[in-house]
Each structure stands twice: as structure tokens, then as C-alpha cells.
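Let me begin by presenting the structure, written as C-alpha cells, before commenting on it.
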């Protein structure tokens, strides 16, 4: 029997998955399919970003910086002016917009200075720990000096690696004053640049805090100009500013987790919580916010003139551009060589290449990448992971404390209650985590988050292939399926008698047998 046209159309449609959203007071079915023109959530079509947003805009010719002329004065204390709005098409050898090795045909191996400015939550901790640990090998075998942010526990004590320069001190103290050039920190930086330039060494400086540099209030001093002048003095025409791109939805989720997780970013069994989370909220401690609360707060409108330069994330939101693109445009005002790298094309694929190795290959030399790759292969080195943490058990412990269920545990620390809950609660309830009630982003939030993420990527990489866009969408829905945009509904959980019994009866016993 011949199939009707309608039947053929239905058979050709690709219905990929059905997910259940556990939201406040209700659940809904999240349909995803690939069909021409868009997707559907709860039967409602989600269109891809409007094609008009993807129009290529010719890049303006960058103006050279004359280091002999006085620095221009900016008579504003607030970032009322937007960065340049001209979108530069990034250099690439790949028509699909993938990150490629721009050094593969490079003949000129003149020393280069790379200023890696982040932004935050784009693999910066991993990169800085790698460069801290292998500073000695890179200097000796690749003529690359690392003077960026250094993590003490990442340094390899068995390899001589030279003096350590405190970039964070420079940013947090020196650059908060217009007299920075008169400080010992500044003189130390200049002395190191002078030494490495005279010895024909390339330099890499990495610190995401460079993203929040701005104008000194009251002095109208733009620290980006001040810093760029110094770097360009010793590496004239060979300063490369590197910005890392991460998909918007991933970046937002990571920023939320970093700002709300109570755990420190390093192992500390005695006191694993950050100081501001160690006390209960009723005693002055901080409360962890859900992702829904974070997103809802992000949607609140804030006037540009009410923000500081350091709040670059909010400034990018006001301008409706990706934060990496905001920073690229900002630094494009000072440097004609600003490069954006795609973090997703640099992830570890178990082939010996990783984000730090590829960062070196892209911006310094093939030799630098080879040296780091070989050093890593020959070392028992674990790096500095800074993973997201599940802090829902802390939120539940806080809720139990608020309800007076821990009155007999006044001497027990907050992190201890949360750790015990995470270890034993599901076992005592005889449930899986997925069977608990969750509060998640609603349909409107999900649509907005996905569309903005796709839009920003298309604006940065206008030649991106349909396959790359599909991978972006698939990654988003996989994150949704894993409840990356959800948190425990602690209001509902705390009403469960079994949960209340766990905090009032089980926890005292578990504390005794630890």
C-alpha cells in the first residue's frame, strides 16, 4: 500500500528525544526534532536566529598606536560608550569556522608576546596551571617565558623555572591607581620584559582578570592603553591579545556555578568551603542561588551608566553581544592583533593535544606546542581541574537549618551536614536523584537561552557549518537532559517526612559513627 504524502513527511521528520521538565508545581514534555526551519518545545516552534543577524560587516582598518603621543583622556567615570560595533571576520583557513593552526606556514619566528585575557570560565585555570608547571621546559626548550598568573601548587619544584611575577597583584592593586607606573610591581614587570626581549624569548601572560581592567574612576586613565604601551615597547608590532570563546549557555551555567558553589577550587579536607559560605545564612553566611534564580536576575535591566568597567559581563548583556566578542572589540581599540579562539575546537580528544598545547601552537610556535605535549606525556601531572560542583545538598542543609531541624547540631559545621546529606540521603530515602523534585528553567527561559547561544555563535563565526550548529544544539539538549539547568526543589523536599527524619534522627547517628 502506497504511503501518502502526509505519511512520508511524518516519517521523514526526525524526532530525537522527549524529556520531562520537573518545574515548580508542574512537569512538561520537551520535544526536540530536527526539521527545516527550526525545532519545537512543547509543540511550539523555535526558529533559528534571523539571517539578518549573520550579515558580514567589513572590518574597519585599525589605527596604529603612536607611542610618542600623549595618552588620550577619557572624561567619564562610567562605561557609557560601547566598544566598537564593527564585527571583524576572524582569520581562518577552515570554511566551517573551526579553529585552525595559523602557524603551519609560518616562517618568521620572531619573539612574540601573547596576552591571554580570558574571559573567566573559559579554561583559564587549566591553562595557567599547565604553564605554571611546565615553565622550565618551555623556557629551556622552546624559548617561551611564562610570567602570567601562577598557582603555587601547580609549580614543579624539581625544574628551575625562574622568578614568579604576580599578575593578580598588578591588576588588583597597581591598576587601581593612575600611579601604577611608579610602583615596584610595574618596574618588576618592565624589567622582566626587557630581559626576555633582549634574550630573544617569547612571552605569554595569562590572567582572566585582565578582562575587568578599565578606566580609573576620577583619573580617566584607561589601563588597557597603559599596559599595551608597555608590552608594545619591548615587542613592537608583535603583541597578540587572545580571547577565548565558549558557547553562551555553557558559559552562563559555569559562571553561575562558580559564583554560587560553596566549595573551594582546591582540595582542603579540613575546611572545604569558601569563607563566605562557612556560616549558616542566619549567622551571616551566603546562600547558594538556583540557576533559575540566577537567570531571572540576569534578565533584570540595568542602566549602562550604573555599571563599572569591571562588570564586563553585564556590559556585554546590555550590548546584546557575547562576552568574548565584547572583549575583542574593546581590545581592538588598542591592538590591531586580537585573536579569538574557539574553546570547543580545542578540547582534549585523547590525542595528546589539549587547550594549552593548542593555545601555544596557535599563537607562538609549533615547537612550543611540541615541547609542552612531550613534557606532559613524560610527567605524572594531573593539572588543576576546576569543575562545577553540585551544591544542592548544601541548599537542603540550609533549608533544614532554617526549619529548626538541626537544633541539636549547633556545633556541627555547615559543610559537614551537607557532606553527610550528599553521602547518605538518597540511600535512606531509597530513591535516585532523578526521582526527587526539581526546579528548572521554564520553556521561555530555555528558548531564550538556546536562541541567544546560537545567535552569538553565528555572529562570531558567520561561516559556521550547519553540522557545527547541530552539534551546538545537541550539546544544549544533552545538558538539559542531565538537568544542568535544574536544582533540587528544597521547599518541596523539606516537607517530606522522611527527609525531616533524616535531619532530626539519622544525621546525629551518622555523625557519631564517622
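Residue numbers (full-length UniProt numbering): 1 to 514. All C-beta atoms, glycine included, are put in the ideal place defined by N, C-alpha and C. As the structure is a prediction and not an experimental result, all values here were calculated from the model.
N- and C-terminal bounds of the alpha helix (DSSP H) containing residue i
i           : result
residue 244 : It is not in any alpha helix (DSSP H) - residue 244 instead sits in the beta strand (DSSP E) that spans 239-245.
residue 172 : 167-172
residue 398 : 392-402
residue 209 : No alpha helix (DSSP H) contains residue 209, which DSSP labels as neither H nor E.
residue 158 : Per DSSP, residue 158 belongs to no alpha helix (DSSP H) and is neither H nor E.
residue 409 : Taken as a continuous stretch (DSSP letters only), residue 409 belongs to no alpha helix (DSSP H), as it is neither H nor E.
CB contact below 8 Å: residue i versus chain C
i           : result
residue 294 : Included in the structure is just one protein chain, with no chain C present.
Endpoints, the beta strand (DSSP E) within which residue i is located
i           : result
residue 487 : 486-488
residue 116 : 113-116
residue 440 : 438-440
residue 303 : Run containing residue 303: none; DSSP gives neither H nor E here.
residue 205 : 202-206
residue 341 : 338-342
residue 145 : 144-146
Residue i, DSSP secondary structure in three states
i           : result
residue 318 : helix
residue 178 : coil
residue 273 : strand
residue 378 : coil
residue 464 : coil
residue 183 : coil
residue 191 : helix
residue 370 : helix
residue 221 : strand
residue 120 : coil
residue 263 : strand
residue 216 : strand
Cβ-based neighbour list, residue i, same chain, cut-off 7 Å, excluding 5 preceding and 5 following
i           : result
residue 538 : The shown model of the chain, from 1 to 514, leaves out residue 538, and the question about it has no answer.
residue 507 : 409, 417 and 420
residue 147 : 165, 192, 203 and 205
residue 272 : 263, 264 and 415
residue 110 : 238
residue 123 : 244, 343 and 355
residue 248 : 322, 452, 453 and 456
Cβ neighbours of residue i in the same chain (closer than 6 Å, five flanking residues each side left out)
i           : result
residue 401 : 280
residue 171 : 209
residue 499 : 493
residue 276 : 286
residue 501 : none
residue 183 : 174
Check: residue i C-beta below 7 Å from any heavy atom of the ligand FAD
i           : result
residue 445 : Absence of the ligand FAD is noted for the structure shown, with no ligands found whatsoever.
Reference residue i, options the options, closest by Cα
i           : options               : result
residue 487 : 150, 186, 499 and 391 : 391
residue 242 : 417, 404, 351 and 117 : 117
residue 251 : 428, 480, 373 and 323 : 323
residue 351 : 336, 128, 360 and 377 : 377
residue 335 : 451, 233 and 474      : 233
residue 260 : 249, 274 and 270      : 274
residue 399 : 381, 496 and 480      : 496
residue 150 : 178, 212, 131 and 341 : 131
Own chain partners of residue i with C-beta closer than 8 Å, once the 5 adjacent residues on each side are dropped
i           : result
residue 298 : 252 and 317
residue 511 : 409, 412, 416 and 420
residue 428 : 498, 502 and 506
residue 200 : 111 and 143
residue 326 : 83, 312, 315, 316 and 319
Point to revise | the region 288-303 in contact with the region 199-208 per 3-pair CB rule at 8 Å | key: no
Review point. Do three or more CB pairs link the region 187-199 to the region 150-160 at distances below 8 Å?
Key: no
**Study point:** Any 3 or more C-beta pairs closer than 8 Å across the region 360-378 and the region 251-267
**Key:** no
Practice item. Indicate whether the contact test is met: 3 or more Cβ pairs, each with one atom in the region 437-450 and one in the region 288-295, closer than 8 Å. Key: yes
Point to revise | Segment contact flag, the region 325-345 with the region 217-234, C-beta cutoff 8 Å, min 3 pairs | key: yes
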